[in-house]
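Input: a single structure, listed below in structure tokens.
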Amino acid sequence: MAAEEQKLNSVTVENLQEQDLAEADHIFRLAFGTFIGVPDPASFHQGADYVRTRWTADPAAAFAAKVQGKLVGTNFATNWGSVGFFGPLTIHPDYWDRGVGKRLIEPVVDLFSRWGVKQAGLYTFAQSQKHVALYQKFGFWPRFLTAIMSLRVDSAAGAVRELQTYSELSPDAREQALEYCCELTNQVYEGLDVSREVRAITNQNLGETVLVWDDSRLVGFAACHCGEGSEAGPDVCYVKFAAVRPSTNGPDASGNFNRLLSACETLAARRGLARVLAGVNTARTEAYQQMMRRGFKTEMQGVAMHSPNEPGYSQPGVFVLDDWR
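So the sequence shown is numbered by my numbering: it starts at -11 and just counts up by one.
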């Protein structure tokens, strides 16, 4: 116990500062690349940006761990209204097993409490008992696998399909569309609100949000990162979050989900991107199966961990794409 306390006492945690972003980005790549076994760990996910984008979106939700003034790890919290998740949580390999992860989770859990989060979660490596055990100490419990799936883009899709995007709307129409998005996600899960993601994509020029309508009624939307400098990386359209309006008769939701997937592929084709990448929790059985029928293939998978240990919006009949990475 004394040795454990000594490890923790040597670590200080504060908000991540702009001058540390380059080093934080290096640690992010080095940590994941080392764990996964990439030959050149520092080249992991080259061209994608998970650090500056999240810090810019909410600097107060970005945390840095330091040992004697040296940056050794970071963690980022995301506020989706009644839902919150954290990550990527990354620590320099030289400081693994020294209590840094625990120290970086503590302020995030406190932040979730202040935000009034009802469903907190994270994505982690299902095969790593060490990761799972650490998060269980904070009340997060493993549930279903989350599949990160990709689809090769048909370049012809950009020419034959209509597409409406958030950026093409007037300022007043954008605010109205955001209200519709919030109303839709509130039907998916009470209090779920991803308007911060939509605004971040627009403000940071990270990609685009596509909108699917039934006459004047919004029935689906997808907040997408596109290409280098975003969370997608080169040649990729990454669906950070997508949802369709729930319906009491499943075929409506299923049909609208198919339209939304088509809209994402159209966006990718018009941007000249080669792949659509999206995460889906496999507890959302119909959504997962429909993606497979569309030709999506699983590239990797992890486990979603929830606090409290409840399904939230990851359950059958829910047509939502996200992965909490």
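Every residue, glycine too, gets a C-beta built ideally from N, C-alpha and C.
Nothing here was measured: the structure is a model prediction, and the numbers come from that model.
By the CB criterion at 8 Å, T41 and Q192 fall inside the cutoff. Taken in chain order, the unbroken stretches of beta strand (DSSP E) that lie wholly in the region 211 to 235 and span 3 residues or more are 224 to 232. Ranked by Cα distance from F100, the options G179, G208, Y226, F73 are led by F73. D160 carries a helical assignment under DSSP once its states are collapsed to helix, strand and coil.
Counting other Cβ atoms within 10 Å of its Cβ, G104 stays below 16 and is therefore classed as exposed. The C-beta distance from G267 to D311 rounds to 3 Å, short enough to fall under 8 Å. Annotation: the continuous beta strand (DSSP E) that includes T112 extends over 107 to 112. V97 and M293 have their C-alpha atoms spaced approximately 14 Å apart. For Q34, there is no enclosing beta strand (DSSP E), as DSSP marks it with neither H nor E.
A straight line joining the alpha-carbon of A251 with that of G57 spans about 47 Å.
In this structure, the straight-line span from the alpha carbon of L139 to that of L265 is close to 7 Å. Taking the Cα of A256 as reference, the smallest distance to any Cα among S235, A210, A241 is reached at A210. C-alpha of V55 to C-alpha of T197: approximately 40 Å in a straight line.
Taking all protein chains in view, the Cβ of M279 is crowded by 16 or more other Cβ atoms within 10 Å, so the residue is classified as buried. If you draw a straight line from the Cα of P130 to the Cα of S158, it is about 43 Å long.
Rounded to whole angstroms, the Cβ separation of L194 and A188 is 7 Å, and the two are in contact under 8 Å. Pairwise C-beta distances place the region 21 to 37 out of contact with the region -4 to 7, as fewer than three of them are shorter than 8 Å.
Going by DSSP, T197 is part of the beta strand (DSSP E) stretching over 195 to 202. In the DSSP assignment, P130 falls outside any alpha helix (DSSP H) and within the unbroken beta strand (DSSP E) covering 129 to 140.
When DSSP states are grouped into helix, strand and coil, H80 belongs to the coil group.
T286 sits in a strand when the DSSP states are folded into three classes. Inter-residue distance for A52 and S(-2) is about 14 Å (C-alpha atoms, whole angstroms).
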